[in-house]
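Report on one structure; see the data block that follows.
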Amino acid sequence: MKKIQMVDLKSQYEKIKSTVDASIQEVLDTNTYINGPLVHQFQKNLEDYLGAKHVIPCANGTDALQIAMMGLDLKPGDEVITADFTFAATVEVIALLQLTPVLVDVDLHNMNIDIDAVKKAITPKTKAIVPVHLFGRAANMDAIMEIAAEHNLYVIEDNAQAIGADYISKSGTKSKVGTIGHVAATSFFPSKNLGCYGDGGAIFTNDDKLAHIIRGIVNHGMYERYHHDVVGVNSRLDSIQAGVLNAKLPLLDEYNAARRLAATKYNAAFAGNAKIITPDFDANENDHVFHQYVLRILDADRNALMQHLLDKGIPCAIYYPIPLHSQKAYLDPRYKEEQFPVTDQLVQEVIALPMHTELDDEQIKFITDSVLEFLNK
685 MKKIQMVDLK SQYEKIKSTV DASIQEVLDT NTYINGPLVH QFQKNLEDYL GAKHVIPCAN
745 GTDALQIAMM GLDLKPGDEV ITADFTFAAT VEVIALLQLT PVLVDVDLHN MNIDIDAVKK
805 AITPKTKAIV PVHLFGRAAN MDAIMEIAAE HNLYVIEDNA QAIGADYISK SGTKSKVGTI
865 GHVAATSFFP SKNLGCYGDG GAIFTNDDKL AHIIRGIVNH GMYERYHHDV VGVNSRLDSI
925 QAGVLNAKLP LLDEYNAARR LAATKYNAAF AGNAKIITPD FDANENDHVF HQYVLRILDA
985 DRNALMQHLL DKGIPCAIYY PIPLHSQKAY LDPRYKEEQF PVTDQLVQEV IALPMHTELD
1045 DEQIKFITDS VLEFLNK
């Protein structure tokens, strides 16, 4: 059996090596390292794929979130609501901009931001909501957009984990996640469903004015060289990374389908085990693209299971072991433990198994047999 990886980027690269290598060589031959033709080509290709009017590439996913908020001209003290159960980057940029993060609990069923908790958290100072499409599953954007419209709020989609996922609205309209809110941010970190070979990110919006502002922000506030019209940052996607992403983008739907197929096989192996809650999804839909495959473990020692798997050479991880409201950097007397019962439960139960495009049946069987061996003893 091939060695099991949490994410097998080497095997994925071997299948697209000639295309990737040719793109990198083109950059080396033309010396167009920053804002070169491949960056503009990737921008256009991603706009076409998403059905978005504007894609603005940038240096990484955290920058993408920060720049999106800068573009909306949010002011210090403005409140921004987001999920307690997610990676710190989501709240990090809120704090960096001297905005006020407002953390709320998540839904036990899908681990995405809890709609009722969002409604309760709104105050006269609230200016934006940041739903995170966690682990690759679309958040309830119908409800979020309705709340935003009612209270005149911005919606900033954190799409770092769900690029390529579809969202079907109550009206039946199908949209790619990241194109529904006022603006969205994504990451092209190597392990993402669409990942480069370094850092990279992008901002999406259908708002022409906002796109213009953001294009200036990512490039030192310049629209014309040495004319600084807005306060900006230095955050650009380099041409080599754009070449890698151009090679992978045509395969993104195939990659996401492979992840859903692996998740289907995992779920089938674990079906009926009372100690395991598997992700609930429709294999015929595309609203979950499985950036991570995350189980909930009940009535068993999750940490001991993790060690059991590691001892067998099976990589696994806990996303996320500490809620944001308990992190030293984000402690706030406004937060009470009773506000976060689901998050506090999830951090004790979740475990992520290997998930990537190269998983084969032999590996999945070994992984699932090893999990069941521990839980059934």
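Count along the sequence shown from 1, then add 684; that gives the number in the working numbering. Backbone N, C-alpha and C fix where the C-beta goes; we use that ideal spot for every residue, glycine too. Source: prediction; values computed, not measured.
Quick check: the segment 1005–1015 against the segment 1044–1059, are at least 3 beta-carbon pairs closer than 8 Å? Not touching, per the Cβ criterion.
Given 8 Å as the limit, is there contact between the segment 937–952 and the segment 1033–1046, that is, 3 or more CB pairs closer than that? With a cut-off of 8 Å, the segment 1033–1046 and the segment 937–952 count as touching, because enough Cβ pairs lie within range.
Go through its chain and collect everything with a Cβ distance to Ile-981's Cβ below 7 Å, but skip five positions before and after it. Cβ neighbours of Ile-981 beyond the five flanking positions: Lys-959, Ile-960, Leu-989, Glu-1033 and Ile-1035.
Contact set for Ala-931: own chain, Cβ-Cβ below 8 Å, skip 5 residues either direction: Ile-700, Thr-703, Val-704 and Ser-707.
Is His-738 near Thr-863, with beta carbons less than 8 Å apart? Going by C-beta atoms, His-738 is not nearer than 8 Å to Thr-863.
Where Gly-884 and Pro-741 are concerned, what is the direct C-alpha to C-alpha distance, given to the nearest angstrom? Between Gly-884 and Pro-741, the alpha-carbon positions lie close to 8 Å from each other.
Using three-state DSSP, classify Ile-806 as helix, strand or coil. DSSP places Ile-806 in coil when its eight states are reduced to three.
With a Cβ-Cβ cutoff of 8 Å, do Val-861 and Ala-812 count as a contact? Taking 8 Å as the Cβ cut-off, Val-861 and Ala-812 do not qualify as a contacting pair.
Tyr-907 to Lys-686 span [Cα, whole Å]: The straight-line gap separating the alpha-carbon atoms of Tyr-907 and Lys-686 is approximately 50 Å.
Helix, strand or coil at Asn-918 [DSSP, three-state]: In this structure, Asn-918 counts as strand in the three-state DSSP scheme.
Give me, in chain order, the residues of the same chain whose beta-carbon lies closer than 7 Å to that of Val-914; leave out the 5 immediate sequence neighbours on both sides. If we look at Val-914 and ignore the five residues flanking it on each side, its Cβ neighbours are Ile-897, Gly-900, Ile-901 and Gly-905.
Taking only three categories from DSSP, how would you classify Ile-961? Ile-961: strand per DSSP, three-state reduction.
Helix or strand or just coil, what does DSSP make of Asn-628? The first residue shown for the chain is 685 and the last is 1061, placing residue 628 beyond what the model contains.
For Leu-652, is the classification buried or exposed, using 16 other Cβ atoms within 10 angstroms of its Cβ as the cut-off for buried? The requested residue 652 does not occur in the structure, where the chain is confined to residues 685 to 1061.
Determine the extent of the alpha helix (DSSP H) in which Met-671 is found, giving its start and end residues. Residue 671 cannot be examined here, being either before or after the span of the chain that is shown, 685 to 1061.
Looking at Tyr-1019 and Leu-792, is the spacing between their C-beta atoms short of 8 Å? Cβ distance not < 8 Å, so Leu-792 and Tyr-1019 don't count as in contact.
Please tell me whether Val-1055 has its Cβ less than 8 Å away from any Cβ of chain D. Absent from the structure: chain D. Only one protein chain is present.
How is the alpha helix (DSSP H) around Arg-899 delimited, first residue to last? Per DSSP, Arg-899 is one residue of the alpha helix (DSSP H) stretching across 892–901.
Is Glu-1104 helix, strand or coil by DSSP? Coverage of the chain is limited to positions 685 through 1061, which leaves residue 1104 absent and any answer about it impossible.
Could you check if Ala-967 is buried or exposed, using at least 16 other CB atoms within 10 Å of its CB as the buried criterion? Here Ala-967 is exposed, its C-beta having fewer than 16 other C-beta atoms within 10 Å.
What is the DSSP secondary structure of Tyr-1004, counted as helix, strand or coil? DSSP, reduced to helix, strand and coil, places Tyr-1004 outside both helices and strands of the structure shown, so it counts as coil.
If we count the other Cβ atoms within 10 Å of its Cβ and call it buried at 16 or more, is Gly-916 buried or exposed? With 16 or more other Cβ atoms within 10 Å, it is buried.
Helix, strand or coil, according to DSSP, for Phe-888 in the structure here? Phe-888 carries a strand assignment under DSSP once its states are collapsed to helix, strand and coil.
Tell me Leu-979's beta-bridge partners as DSSP assigns them. DSSP, once it has assigned bridges, lists Ile-1035 as partnering Leu-979.
Assumed close pair Val-790, Val-978 - CB separation to whole angstroms, cut-off 8 Å: Contact flag wrong, Cβ pair sits at about 12 Å.
What is the DSSP secondary structure of Thr-1052, counted as helix, strand or coil? Reduced to three states, the DSSP call for Thr-1052 is helix.
Whose CA, out of Asp-985, Tyr-910, Phe-872 and Pro-1007, lies closest to the CA of Ala-748? Ala-748 has its Cα closest to that of Phe-872, out of Asp-985, Tyr-910, Phe-872 and Pro-1007.
Between Asp-800 and Val-839, what straight-line distance do the alpha-carbon atoms span, to the nearest angstrom? If you take the alpha carbons of Asp-800 and Val-839, they lie about 16 Å apart.
For Leu-933, which of Asn-1060, Pro-785, Leu-722 and Gly-761 has the nearest alpha-carbon? Distance from the Cα of Leu-933 is smallest, within the candidate group Asn-1060, Pro-785, Leu-722 and Gly-761, for Leu-722.
Cross-strand partners of His-817 (DSSP beta bridge): His-817 pairs with nothing; no bridge assigned.
With DSSP collapsed to three states, give me the class of Asp-913. Reduced to three states, the DSSP call for Asp-913 is coil.
Taking the alpha helix (DSSP H) that Met-825 falls in, what are its first and last residues? Counting along the chain, the alpha helix (DSSP H) containing Met-825 begins and ends at 825–835.
Residues in the same chain with beta-carbon distance under 8 Å from Asp-850, minus the five sequence neighbours each way, listed in chain order, please. Correct list, in chain order: Ala-822, Lys-858, Ser-859, Lys-860, Val-861, Glu-969, Asn-970 and Asp-971.
Would Ala-833 be called buried (16 or more neighbouring beta carbons within 10 Å of its own) or exposed? Classification of Ala-833: exposed, given that the 10 Å Cβ count is below 16.
Among Glu-938, Ser-923 and Thr-784, which one has its Cα closest to the Cα of Phe-726? Of the listed residues, the one whose Cα sits closest to Phe-726 is Ser-923.
Three-state secondary structure assigned by DSSP to Glu-969: In the structure shown, Glu-969 sits in coil (DSSP, three-state: anything other than H, G, I, E or B).
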